[in-house]
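Engineer:
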Amino acid sequence: MTSWPGLGSSAKKPCRATRSRLRSRPSSCAPFSYLDDTQAYIERYSKDIGAYPYSEFSIVASPLPTGFGMPTLTYLGAEVLRLPFIRKTSLGHEILHNWWGNGVYVDYERGNWSEGLTTFMADYAYKEDESASAASEMR
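Straight run, no breaks: the sequence shown in the numbering used here ends on number 908.
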């Protein structure tokens, strides 16, 4: 873990062929847990869809309570990163956008199909992993 005065800290961890990193204020979250979960999501989706389309992935803490997925990174609010459920829900959803929406692009004039597919392959799939009744409740 590296710290920069006034800028917070950064943690890096290799993710097989993908380098992952987290940039956040000190103690805003558990950095290596986020990096481990990032690796697990990239491996899961690579098996389900195909190779991760980029060579790296970054999680960047925002001063605002946001959640955006962009090619090679997600921008999550620093306060959001502290929430205990984010690593098991929103993080995987945002990583999946590297395939749907940032890897395969959307023609927004015809609708945002990538958000629906990402929600199905992330949020709903996590409920299926949890139990059949949890998945049924989400439907």
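Positions of the beta carbon are idealized from the N, C-alpha and C atoms, including for glycine.
On the three-state DSSP scale, how would you describe phenylalanine 826?
Structural biologist: Of the three classes helix, strand and coil, the one that applies to phenylalanine 826 here is strand, per DSSP.
Engineer: Measuring only the C-alpha atoms, how far is glycine 836 from arginine 879?
Structural biologist: Their backbone Cα atoms lie some 23 Å apart in a straight line.
Engineer: Mind listing, in chain order, the continuous beta strand (DSSP E) runs of no fewer than 3 residues lying wholly within the stretch 824-884?
Structural biologist: DSSP runs (the beta strand (DSSP E)) wholly in the stretch 824-884: 825-831, 836-839 and 842-846.
Engineer: Would you identify the three-state DSSP class for arginine 813, choosing helix, strand or coil?
Structural biologist: If DSSP states are grouped into helix, strand and coil, arginine 813 belongs with the helices.
Engineer: Let me check understanding here. Comparing Cα to Cα, which of Arg856, Trp869, Val829 and Ala809 lies closest to threonine 888?
Structural biologist: Comparing Cα positions, the closest option is Trp869.
Engineer: So methionine 907 is in the alpha helix (DSSP H); what residue range does that whole segment cover?
Structural biologist: Segment 901-907, the alpha helix (DSSP H) holding methionine 907.
Engineer: Taking all protein chains shown into account, decide if glutamate 897 is buried (16 or more other Cβ within 10 angstroms of its Cβ) or exposed.
Structural biologist: Result: exposed.
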